[in-house]
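Residue numbers (full-length UniProt numbering): 1 to 75.
Taking it in order: structure first as structure tokens, then the write-up.
Shown next as structure tokens:
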């Protein structure tokens, strides 16, 4: 496993926490709703934020690794 900077690891942890919170909130909302009602509709923004953070973490991590491999090694 490659070592990433601390700010990038914190970014990943925040994305995981927000996604986990959205799933727990959806589950709790599902308990209180009548049958055949979608609990996800109320939590769209939280889910989108979690997905955005995790996908952007992947893009930044690959970009960081590529930069260190190609740009810094040539200097």
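For each residue, glycine too, the CB sits at the ideal point set by N, CA and C.
Exposure of residue i, with buried meaning 16 or more beta-carbon neighbours within 10 Å
i: residue 57; result: buried
i: residue 63; result: exposed
Sub-7 Å separation of residue i and residue j beta-carbons
i: residue 15; j: residue 54; result: yes
i: residue 26; j: residue 34; result: no
i: residue 50; j: residue 19; result: yes
Contact belief for residue i with residue j at Cβ below 8 Å, rounded distance in angstroms
i: residue 43; j: residue 22; result: 5 Å
- Item | Segments of 3+ residues assigned as beta strand (DSSP E) that fall wholly inside the stretch 7 to 35 | Taken in chain order, no unbroken stretch of beta strand (DSSP E) lies wholly in the stretch 7 to 35 with a span of 3 residues or more.
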